[in-house]
Amino acid sequence: MIARRRALLLGVGATLVTPDLLGGPAQAQGPLQMTLNGAWRQGGFAYGRTASRALIFVDGEALTTASINGLFVIGFDRDATGDVVIEARANGQSVRRTITVAPHAFPSTSINGLPPSTVDPTDPALLALIREQVALKTEGFASRVDSDDFKNGFVWPLETYRITSQWGSQRVLNGTPARPHYGVDMAAPTGTVIRAPADGKVSFSRSGMHFEGGMTLIDHGQGLITCYLHQSRLDVTAGQSVKRGDAIGRIGMTGRATGPHLCWRMKWRDRNMDPSLMVGARAPERLA
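Counting in the working numbering, the sequence shown runs from 9 upward without gaps.
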């Protein structure tokens with residue numbers, strides 16, 4: 009059963025902990041090990057290293073598979089809190105660790121002067137277009153590239169910028185409370201080059217999105233996806249592989265925007281994450 013579940017996951021896409029044997033003698037290579045590091049807070053992440061191709065469970069649910077190098081990543085949503093049990097299973101063995109996701113105080117920001125159609129659209133034709141675009145984005149976010157391109161961490165996608173909105177802030181749009189802002193807004197002149205912050209594969213690239221304008225998604229492995237919104241020009245296409253530093257687009261103010269900027273976002277399997285927490289982070293280089 010474990011082998012079958014591992015195969016299904018592959019098709020889709022810190023401290024030593026005492027192992028719990030699932031049955032049978034320990035393998036010749038010794039007890040299964042797992043090392044973790046990361047930012048264990050709301051919107052944060054955990055990097056892990058364990059056995060090659062180990063099946064990774066989060067709170068008892070099989071969510072991903074370690075790379076051939078034994079690396080994996082797990083994201084924590086903005087509203088995540090409390091204890092999280094991370095478990096690796098391989099070769100008839102199991103190793104687990106419980107970590108605590110710390111709460112974080114998020115600010116509140118107000119934006120006025122947005123066109124009503126970008127805040128509370130009512131036109132039936134526009135609503136139909138939005139539904140179509142949601143389906144397209146959903147397909148892009150469903151990417152599960154079998155890689156560990158996230159392992160060396162991330163750099164900022166702009167060389168020069170000014171942060172105008174922090175990640176996770178509670179938004180008030182035209183005086184109406186809205187969803188939290190799941191991006192880091194980085195202001196820069198129109199036409200400024202946007203660069204890939206890490207290696208990956210483009211899973212979506214499209215201009216003319218109603219809310220996002222020019223939008224690109226990059227899968228950095230195992231469904232860890234970064235998003236780039238409001239671009240004036242797109243320089244990559246879906247299916248294209250990129251390296252850290254490659255130009256992927258240009259700053260703009262397309263979609264729901266009041267000025268030229270990049271809205272930089274990150275998701276892991278539908279969990280919204282703060283991409284700035286990944287800057288400078290690196291996956292464990294070895295087991296404990």
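Cβ coordinates follow ideal geometry from the N, Cα and C atoms, glycine included.
| Query | Result |
| --- | --- |
| Beta-carbon gap between R105 and F65 smaller than 8 Å | no |
| Cβ neighbours of D254 in the same chain (closer than 8 Å, five flanking residues each side left out) | R203, A204, V244 |
| Runs of alpha helix (DSSP H) lying entirely within the region 34 to 61, each at least 4 residues, in chain order | none |
| Rounded Cβ spacing between R264 and F212 (contact assumed at less than 8 Å) | In fact, because the Cβ distance is near 18 Å, the residues do not count as touching under 8 Å. |
| A70 in three-state terms, based on DSSP | strand |
| Collapsed DSSP secondary structure at I138 in the structure displayed | helix |
| Check whether R277 and P188 have beta carbons under 8 Å apart | no |
| Identity of the residues DSSP links to K209 by a beta bridge | D227, S249 |
| Length of the line joining the Cα atoms of I259 and M217 | 15 Å |
| Delimiting residues of the beta strand (DSSP E) encompassing D193 | 191 to 195 |
| Beta-carbon proximity check, A196 vs L166, cutoff 8 Å | yes |
| For F149, the three-state DSSP class (helix, strand or coil) | helix |
| Reduced DSSP category for A255 - H, G, I as helix; E, B as strand; rest coil | strand |
| Buried versus exposed call for G68 [16 or more other C-beta atoms within 10 Å across all chains shown] | exposed |
| Distance CB(S102)-CB(Q178) smaller than 8 Å | no |
| 8 Å Cβ cutoff met for T57 and L295 | Before going further, note that residue 57 is Arg rather than Thr in the sequence given. Against a cut-off of 8 Å, the Cβ pair of L295 and R57 comes out as a contact. |
| Contacting residues, own chain, Cβ-Cβ under 6 Å from I107 (five flanking each side not counted) | W48, V92 |
| Contact set for D193: own chain, Cβ-Cβ below 7 Å, skip 5 residues either direction | I171, T172, S173, H269, C271 |
| Residues that W276 bridges to, as DSSP identifies them | L232, R279 |
| Other residues of its chain near V250: CB distance less than 8 Å, five sequence neighbours each side excluded | A204, D207, G208, K209, V210, I226, V244, I256 |
| C-alpha gap between Q160 and A59, whole angstroms | Reading off the sequence, residue 160 comes out as Asn, not Gln. If I take the Cα positions, the gap works out to 19 Å. |
| Beta carbon of R290 nearer than 8 Å to that of G231 | no |
| Those residues which DSSP pairs with T108 across a bridge | D91 |
| Supposed contact pair Q239 and T262 - C-beta distance, whole angstroms, cut 8 Å | 7 Å |
| Burial state of T43, where buried means 16 or more other Cβ atoms lie within 10 Å | buried |
| Buried or exposed (CB count within 10 angstroms, at least 16 for buried), L71 | buried |
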